[in-house]
DNA sequence: CTGTAATTTCAGAATATTCTGAAATATAAG
DNA sequence: CTTATATTTCAGAATATTCTGAAATTACAG
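Protein chains in written order, with our numbering: chain B, 1 to 180; chain X, 1001 to 1180.
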């Protein structure tokens, strides 16, 4: 993918911007976008040249992407350069990102809430309102993580079916639906 | 909530850090945390004093939170100062954040993909692989937004039931489950 | 109106993040 | 081992974001 068309550029730039909102650096997300639309694995030099970024930036960003589990290294015999590729399956890609975000954001928050609620229960001075609020958050996170574990193994088609069920459940059984 | 205990501080600081990963500034997220654990609505001066941040920062951050729909203004008769509060319901809070993120991140991406795929179809030069990849992304986003619309109105208890169904579906019907 | 309190705006300071390029290190063929 | 090439490290530059404080604006009681 040495020559980028305007469509390639558009996609890569947008993906780069979006990546920053998902905790991935712009360069990292751009590299991911490039690998995603590249038919074959690319080496670091090719990536740096194609995206006009420093070779070292590629190295660091690849490491970042690998820490997310989004990129893996390919060794081609007769080629000393490492090559990199990303998964084709979008659903798997999404799951990998979700797992990473859970690990980095949700899990530490759950720990923090446990610690806070634990302390507040010990102190027993009657900070009732704070305790209520933190326990409500705890319950939410418990439900959310439980939910995530129940569903993260579903294939995309199963997930579609589950959405269908939700709509059906809401309509046919007149389950409680929040306004709007 | 003028005097913060160490538990309050711990929660507020953690929430502030997490907020930055969700596209909300540290100050904004800290204000949100403070309002969340405050039994009553607070005015801007109280917030600034409690969190040791500039009065103008409170003003801007409140505006940011209001753009998310996370904070609303309360007018108390006989008090010229605006007071602010946030919703108690965690589930609603989560939904509000999800709506905001969808609006800011998913919707523009869907548009970008439409534009790219549209152009690539017109050009018809045979960039088959890129087209395939972008269409795969499109399909994923279509499923995801459809799913979100189907389920965003569910109450937390319905959602719990849905998770139960998912587990049941996976086990009892031996639906396809991806490895790991 | 007038005066005072409240709020907002905004330019620049402070901070945080990302990126570069040169130097150091690692890898492997000969 | 030696030499070529490939990769990583890292200090500081470049960039982006957030925050502050003073000035401008708004709101409203008297």
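The beta carbon of each residue, even a glycine, is placed where N, CA and C say it ideally should be. Just so we're clear, the structure is a prediction, and the values are computed from it rather than from any experiment.
Query: 8 Å Cβ shell around residue 189 of chain B - same chain, five flanking residues per side excluded; Result: Residue numbering for chain B in the displayed model covers 1 to 180; residue 189 of chain B lies beyond these limits and cannot be assessed.
Query: Closest residue to residue 79 of chain B among B:66, B:42, B:57 and B:140 (Cα-Cα distance); Result: B:42
Query: Residue-level contact to chain B via CB, residue 1051 of chain X, 8 Å cutoff; Result: no
Query: Residue 53 of chain B beta carbon less than 8 Å from that of residue 27 of chain B; Result: yes
Query: Helix, strand or coil at residue 1076 of chain X [DSSP, three-state]; Result: coil
Query: Cut-off 6 Å between Cβ atoms - residues of its own chain near residue 64 of chain B, not counting five sequence neighbours on either side; Result: 28
Query: Minimum Cβ-Cβ distance from residue 1150 of chain X to chain B less than 8 Å; Result: yes
Query: Pair within 8 Å by beta-carbon distance, residue 1147 of chain X and residue 144 of chain B; Result: no
Query: Interface flag, residue 68 of chain B vs chain X, CB-CB below 8 Å; Result: no
Query: C-alpha distance - residue 1037 of chain X paired with residue 1050 of chain X, whole-angstrom precision; Result: 13 Å
Query: Local conformation of residue 3 of chain B per DSSP, three classes; Result: coil
Query: Three-state secondary structure (DSSP) of residue 1105 of chain X; Result: helix
Query: Counted within 10 angstroms of its Cβ, other Cβ atoms place residue 15 of chain B as buried (16 or more) or exposed; Result: buried
Query: Three-state secondary structure assigned by DSSP to residue 88 of chain B; Result: coil
Query: Contained alpha helix (DSSP H) runs [length at least 4] in the stretch 119-145 of chain B, N- to C-terminal order; Result: none
Query: Inter-residue Cα distance where the pair is residue 107 of chain B and residue 1140 of chain X; Result: 26 Å
Query: Backbone secondary structure at residue 42 of chain B - three-state DSSP; Result: strand
Query: Which residues DSSP lists as bridging residue 1071 of chain X, in chain order; Result: X:1086
Query: The stretch 5-12 of chain B contacting the stretch 1108-1123 of chain X, beta-carbon criterion three pairs below 8 Å; Result: yes
Query: 8 Å Cβ cutoff, residue 1034 of chain X in contact with chain B; Result: no
Query: Neighbour flag for residue 85 of chain B against chain X, beta carbons, 8 Å; Result: no
Query: Listed by chain order, chain X residues near residue 74 of chain B by CB distance under 8 Å; Result: Correct list: empty, because the minimum Cβ distance to chain X is about 17 Å.
Query: Reduced DSSP secondary structure (H/G/I, E/B, other) of residue 62 of chain B; Result: helix
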